[in-house]
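Enquirer: Handing you a structure now.
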Amino acid sequence: MKDWEPLFHVIKGHFQGLGVLITEVMYWGNFIIIVLKHRDTDMEKLPSRAANISCLYFFDGEMGRPSAPQARCLTDPTPGSPDNSQYNTLQPVGNEFMTVASHGFPAECGTQVFHARPGNGRRIGKLIMEISHTDIALVKLQDTETFSNMTFQSDNSPNQIQLKKLVRVKSRQLYNIVSLDSPNTGFINGSYIGTRSFQAVPNDDNSPELEWILTTWFYMGQQSGINLPEGMCGSAIWNEDGDIFGFFRYAPKEGVMKDWCVGIAADELIDRGFTLVNTSDGT
């Protein structure tokens, strides 16, 4: 099914009619996983198929989510953090704006953004806006900062890749090799096998109504959730063509999805009118 979003809305509406709370709907191609909020849900009244696709059920407590998914980050850089180098180039970024994890900028801390280097960090920009429900915020860089949408070069990734564009995950072929590179992990690979989901997230105004965001799951290997360190929120996830599929959100350390990580799908930014700036000309 190339576009399963209409089916998601049918499923969501059906469960609302049943009075059954769900927190995620995952599309796997030949089956659907529906995540139930409460363990005491009456399973007898739940559908076994939707649009002739089998429905499987998990409970929210089995998903291994952190209590607040955005909490998987380092908020207090210390000399023990792996990344304490002074970069001349910030990457990956946009022409005027750099993406950051919005939870790293609580209101009481103001809007100034610093490159966190113990002892002599420098101011690099100012927080401009948050993209609702995605935990992604935009920073306007200082005029003195330079940047590039090129990946970092390393022993594991000797060839730099020009990040070219945000792409809709529903348009991607299955079994893509994807990569991410954060200061806390270095360069690592995973697999995109077409798993997309809608996750329920709290509203920005703390109302009881939930918002649903499009996410995508990536298989990272056995026991990967244990080994992925904190601090990766917002890291871009791309393929060898330089297409960005999404932005890292969290990796369960336990539960049924512990070998996977989930990212905010790039569709969420595309639908809000954002594009990735081509910096291949060095400007």
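The number in my numbering is simply the position in the sequence shown, starting from 1, with 571 added. A virtual CB, placed ideally from N, CA and C, is assigned to each residue, including glycine.
Can S750 and I764 be called in contact, C-beta distance under 9 angstroms?
Expert: No, they are not a contact pair.
Enquirer: Determine whether the beta carbon atoms of Y821 and P677 lie at a separation below 9 angstroms.
Expert: Result no, Cβ atoms of Y821 and P677 do not sit closer than 9 angstroms.
Enquirer: Of all Cβ atoms in chain C, is any one closer than 9 angstroms to the Cβ of F579?
Expert: As a matter of chain content, chain C is missing from the structure shown, which is built from one protein chain.
Enquirer: Where does P773 fall in DSSP's three states?
Expert: It is a strand residue.
Enquirer: Run through DSSP, which three-state label would M634 get?
Expert: Coil, per DSSP.
Enquirer: Would you give the residue range spanned by the alpha helix (DSSP H) that D574 belongs to?
Expert: Neither: D574 is in no alpha helix (DSSP H) and is coded neither H nor E.
Enquirer: I think F789 touches G805, with their Cβ atoms under 8 angstroms apart; what is that distance to the nearest whole Å?
Expert: Incorrect: roughly 15 angstroms between the Cβ atoms, too far for contact.
Enquirer: So the alpha helix (DSSP H) L840 belongs to, where does it begin and stop?
Expert: Per DSSP, L840 belongs to the alpha helix (DSSP H) from 838–841.
Enquirer: Going residue by residue through the region 789–843, where are the continuous beta strand (DSSP E) segments of at least 3 residues, counting only ones entirely within it?
Expert: Qualifying beta strand (DSSP E) stretches, in chain order: 807–810, 814–821, 831–836.
Enquirer: DSSP puts M536 in a beta bridge; with which residues?
Expert: Nothing can be reported for residue 536, as the shown portion of the chain is limited to 572 through 854.
Enquirer: What does DSSP give as the partner residues of I759 in its beta bridges?
Expert: L751.
Enquirer: Between which residues of its own chain and K616 is the CB-CB distance below 7 angstroms, once the five residues before and five after are set aside?
Expert: Result list for K616: L589, in chain order.
Enquirer: Between L847 and I815, which are expected to be in contact by the criterion C-beta below 8 angstroms, what is the C-beta distance as a whole number of angstroms?
Expert: Indeed, because the Cβ distance is near 6 angstroms, the residues count as touching under 8 angstroms.
Enquirer: Name the one or two DSSP bridge partners that A672 has.
Expert: Bridge partners of A672: I707.
Enquirer: I'd like the list of long-range same chain contacts for L698, defined as Cβ closer than 7 angstroms, with 5 residues on each side in sequence excluded.
Expert: Correct list, in chain order: F676, T682, V684, A708, V710.
Enquirer: Could you tell me the distance, in whole angstroms, from the CA atom of M572 to the CA atom of I624?
Expert: So the two alpha carbons sit approximately 10 angstroms from each other.
Enquirer: Exposed or buried, F602, counting other C-beta atoms within 10 Å across all chains shown (16 or more means buried)?
Expert: Counting Cβ neighbours within 10 Å, F602 comes out exposed, since fewer than 16 surround it.
Enquirer: Pop quiz: F769 and F579 are said to be a contact at Cβ under 8 angstroms. What is the actual Cβ separation, rounded to whole angstroms?
Expert: That belief holds up - the Cβ atoms of F769 and F579 are roughly 5 angstroms apart, short of 8 angstroms.
Enquirer: So A771 packs on T594, CB below 8 angstroms; how close in whole Å?
Expert: So it is a contact: roughly 5 angstroms between Cβ atoms.
Enquirer: Beta-carbon separation of W599 and T766 under 9 angstroms?
Expert: Yes. Within cutoff.
Enquirer: Under a three-way DSSP split, which group does K697 fall into?
Expert: Of the three classes helix, strand and coil, the one that applies to K697 here is strand, per DSSP.
Enquirer: Report the three-state DSSP secondary structure of Q744 (helix, strand or coil).
Expert: Of the three classes helix, strand and coil, the one that applies to Q744 here is coil, per DSSP.
Enquirer: Can you round the beta-carbon distance between E839 and T705 to whole angstroms, since I take them to be within the 8 angstroms contact cut?
Expert: That belief holds up - the Cβ atoms of E839 and T705 are roughly 5 angstroms apart, short of 8 angstroms.
Enquirer: Any heavy atom of the ligand PLP closer than 8 angstroms to the beta-carbon of I835?
Expert: In the structure shown, the ligand PLP is absent, as is every other ligand, since no ligand is present at all.
Enquirer: Taking the beta strand (DSSP E) that V591 belongs to, which residues open and close that run?
Expert: It is not in any beta strand (DSSP E) - V591 carries neither H nor E in the DSSP assignment.
Enquirer: Just checking my contact of I835 with G817 at CB under 8 angstroms: how many whole Å lie between their CB atoms?
Expert: About 5 angstroms separates the two Cβ atoms, so the contact holds.
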